[in-house]
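Protein chains in written order, with the numbering used here: chain A, 2 to 481; chain B, 2 to 481.
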């Protein structure tokens, strides 16, 4: 792994071409590779390890709130997909259709799941009879397929990995509480673990999930001022239950329809991490999901005792539960610095003969390159504290970028002028609730509605578009 | 979950109809459910939790031996599948073919992966240039599709979950060592964790994986005397490397083809657990993979202090790392006993007012129903020891069944007579190495070759079929 890449790969700068910078990072940090399957990507070990860390944290949180994992078939017969009319309208146009099994033409074509509401509904109808069978709190980790025209690694690919929660409740109230609870799990995970500040709120009616009564989202602002929908949680009411004839006997011995939710996050989050935290030196990974949290670089490693001291340090940190690597390859320290910066390793620990003599090492933070000389005594706690500091610095930086790029506007002209002057960002502006105004804002200014933030501000008392009485402040942006 | 199933489900007895008993257990122990997708199954929470435990143990072992997880696309273009001629001949006839993306007919049809050798090869060709890039030790957890005509839960379904390891090495020797190492990981996992004795050895040439130079398998004997191929490990030589033009510069600066392996186990192992250990009361789960290792049944739970003591016991055991559940539902203890027997929970712990008074509880083993009155002092260690005892008893029982049903035969007539008298089982008999004899053994006696065991015995010095000099002892059986 050395000679043939002695030069650390160069990447396009963010300012020059953000889109190119993004794909450069995806490839040069060894997150993905392309294959001959157009629109699908290979997730390489370093990228997949990030996903595994994400899975571990979220799966634990889901289980703590009583959810159980299941596995549904990856195929959906066309007739089953068609049972809920909004749902099929939303997904059939981008489905991948299997028409042959071996050399035999199928009597009914089947699609590779784009999402699994229909499969869960069919199963729920089969197993739910009484209020005692409720709630059903299910989750599934799998891959899904949507036949997109234009694709980008992690952000939009024909196949992607995700989790989809599907729950069924006796009452609307309980299902609504579940919808919000899971939205909060996503928001908290983004803010605490991924160091990505998010805005929470419902989507406007025109932007709901196909078949949902309400869709809630978390929206994050990327470095370039575009928005990323980072997770969604849907309340279905009893619409699917009616379409799939899911009924249960309630406590009063009456037949009733249960209420349903679904919620999901995807490998897209890795795209969000890249575009929120990355810089011209490459990836910057939040410590909670970084495959390597600290890399030890021995300095003058040919000198006696250096490698032994580096291994000892590695073993101490590993024993303390830190994901640590010691790079003892024959590349130069400078090459290694660049390599692990590209890969976004949160902390670099330099250890040379003089450090060893002074019972110290040097800790360099990936996020701001700040350098600390610290004692080897209690180094485990020092490294843990430094990892927390990295997370906090990442969050602060992302929050500052978002603050700088959040604009409060009262008129369409103000939106246009502000974006022209300051560049893309979140626009906060009032809305009357009319879909025609929502469309016009997008048509005239280019920004679409992202969500109606729970945290409302009163920017003005009239709609930014039509001047009629405003109902809500909406968050607008150009989105990925 | 109570009223509507106050009666514990009855299942067909093993003796009456083993196949029916098997599917009864799959359904009544809540492992699976059927859906409208013919040949695919829903893996329910209790079944999926077994798979998650299997995954955790194996994934840790794979990583300890240096393997990294990746994720390849689920689709393979037909032209890519065709690059290795034996491989495409083996898999194309049972592939599920996608021909439409949305409303658009694809210019080339693509199949849903039946296995991913071709995808890994394409990727290896892309990323491997020098001996410094080797070995590549990759693994993938995913689902695959094979369009089978007849299907059975876990044993043979159109979609199934598995892991597939794919590794690439500079030398044949290293690749061969990897093939055997992973076979041993599988064998050890089956024997230690699943309590299933296995026979290891290469397949006969006619029974190799499509495109492999050598295929090794572990073979287990089910309760009914049929064999189950429980895991395979393949050595490919450089055949795929040549077909996919994977080359590297070796230490002498010469271009060379690397050597390759793949190895996999699937959800089929859950079928193996059921058919090795189950009985007429239902499932019997090996403690290492049981979602619930011990269930506490409070006796006379309405009496003061009983539930509190049961919860306290549960918390103590959980704190000790035991997967424990306390069933405080209003079902009768008798109902609960049957329910958790059906679900194969290794240990039942009964705790009533008199036990509490005597500072004791009752531990009942699922495997032999042995009953122990034990002190609550040090109960954590007692339960752990009992779990080990359950595993050992399960292994001993399975090994005894296998021993009883293993027959050493010298002639075809002897095979036929033995099987007629004693029922299906493993037949050990000598083979000359000729495929015609292999075919004839199957045609005449009904048993096919399972593998050529590493542990050879000299049953005779001539082939069981033709009477010519014998080369090897082969293990023969009717297989799932």
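The beta carbon of each residue, even a glycine, is placed where N, CA and C say it ideally should be.
Sub-8 angstroms separation of residue i and residue j beta-carbons
i: residue 363(A); j: residue 356(A); result: yes
i: residue 449(A); j: residue 477(A); result: yes
i: residue 483(B); j: residue 353(B); result: For chain B, the structure presents residues 2 to 481; residue 483(B) sits outside this window and is missing.
i: residue 76(A); j: residue 111(A); result: yes
i: residue 1(B); j: residue 284(B); result: Residue 1(B) falls outside the range modelled here, since chain B spans only 2 to 481, and no answer is possible.
i: residue 212(B); j: residue 237(B); result: yes
i: residue 267(A); j: residue 234(A); result: no
i: residue 224(A); j: residue 276(A); result: yes
i: residue 389(B); j: residue 416(B); result: no
i: residue 159(B); j: residue 41(B); result: yes
i: residue 308(B); j: residue 299(B); result: yes
i: residue 348(A); j: residue 370(A); result: no
Own chain, CB closer than 8 angstroms to residue i, minus 5 neighbours either side, in chain order
i: residue 280(A); result: 15
i: residue 43(B); result: 33, 34, 35 and 36
i: residue 359(A); result: none
i: residue 109(A); result: 78, 79 and 80
i: residue 245(B); result: 84, 85, 119, 122, 123, 125 and 126
i: residue 436(A); result: 205, 206 and 207
i: residue 400(B); result: 198
i: residue 47(A); result: 30, 31, 32, 292 and 344
i: residue 474(A); result: 429, 430, 431, 432, 453, 454, 457, 458, 459 and 460
i: residue 316(B); result: none
Beta-carbon contacts of residue i that lie in its chain and below 7 angstroms, excluding the five residues immediately before and after
i: residue 407(A); result: 426, 427 and 429
i: residue 469(B); result: 433 and 463
i: residue 5(B); result: Bear in mind that a pLDDT of 39 at residue 5(B), under 50, signals an unreliable position, so the number given afterwards is only what the model happens to contain. Contacts found: none.
i: residue 130(A); result: 249 and 250
i: residue 372(A); result: 363 and 365
Residue range of the beta strand (DSSP E) that includes residue i
i: residue 166(A); result: 160 to 170
i: residue 477(A); result: 473 to 478
i: residue 265(A); result: 260 to 267
i: residue 97(B); result: 97 to 102
i: residue 295(A); result: 295 to 299
i: residue 91(A); result: Segment 86 to 92 is the alpha helix (DSSP H) holding residue 91(A); no beta strand (DSSP E) there.
i: residue 449(B); result: 449 to 452
Paired residues, beta bridge with residue i - DSSP
i: residue 363(A); result: 351(A) and 374(A)
i: residue 193(B); result: In DSSP, residue 193(B) forms no bridge with anything.
i: residue 224(A); result: Partner(s): none; residue 224(A) has no beta bridge.
i: residue 432(B); result: 473(B)
i: residue 336(A); result: According to DSSP, residue 336(A) bridges with nothing at all.
i: residue 229(A); result: 221(A)
i: residue 105(A); result: 102(A)
i: residue 141(B); result: 165(B)
i: residue 111(A); result: 78(A) and 99(A)
i: residue 151(B); result: None; residue 151(B) has no bridge partner.
i: residue 257(B); result: 249(B)
Contacting residues, own chain, Cβ-Cβ under 6 angstroms from residue i (five flanking each side not counted)
i: residue 226(A); result: 406, 424, 425 and 426
i: residue 7(A); result: Residue placement at residue 7(A) is flagged as unreliable, the pLDDT there being 47, under the threshold of 50; the coordinate-derived value follows with that caveat. Excluding residues within five positions, none has a Cβ falling inside 6 angstroms.
i: residue 124(B); result: none
i: residue 188(A); result: 199, 201 and 219
i: residue 569(B); result: Residue 569(B) cannot be examined here, being either before or after the span of chain B that is shown, 2 to 481.
i: residue 303(B); result: none
i: residue 403(B); result: 198 and 222
Endpoints, the alpha helix (DSSP H) within which residue i is located
i: residue 385(A); result: 380 to 405
i: residue 54(A); result: 46 to 65
i: residue 22(B); result: 19 to 29
i: residue 80(B); result: 79 to 82
i: residue 35(A); result: No alpha helix (DSSP H) contains residue 35(A), which is instead part of the beta strand (DSSP E) from 33 to 35.
i: residue 122(A); result: 118 to 128
i: residue 307(B); result: 307 to 320
i: residue 423(A); result: 413 to 423
**Asked** If we count Cβ pairs, one from each stretch, closer than 8 angstroms, do we get three or more for the region 245 to 258 of chain A versus the region 204 to 212 of chain A?
**Response** no
**Item:** Inter-stretch contact (C-beta, 8 angstroms, three-pair minimum) for the region 373 to 380 of chain A and the region 288 to 307 of chain A
**Value:** no
**Message:** Counting beta carbon pairs with one atom in the region 187 to 203 of chain A and one in the region 91 to 104 of chain A, are three or more of them shorter than 8 angstroms?
**Reply:** no
**Asked** Would you call the region 269 to 283 of chain A and the region 154 to 168 of chain A in contact, with 3 or more CB pairs under 8 angstroms?
**Response** yes
**Message:** Between the region 166 to 178 of chain B and the region 139 to 149 of chain B, can you find at least three pairs of beta-carbon atoms closer than 8 angstroms?
**Reply:** yes
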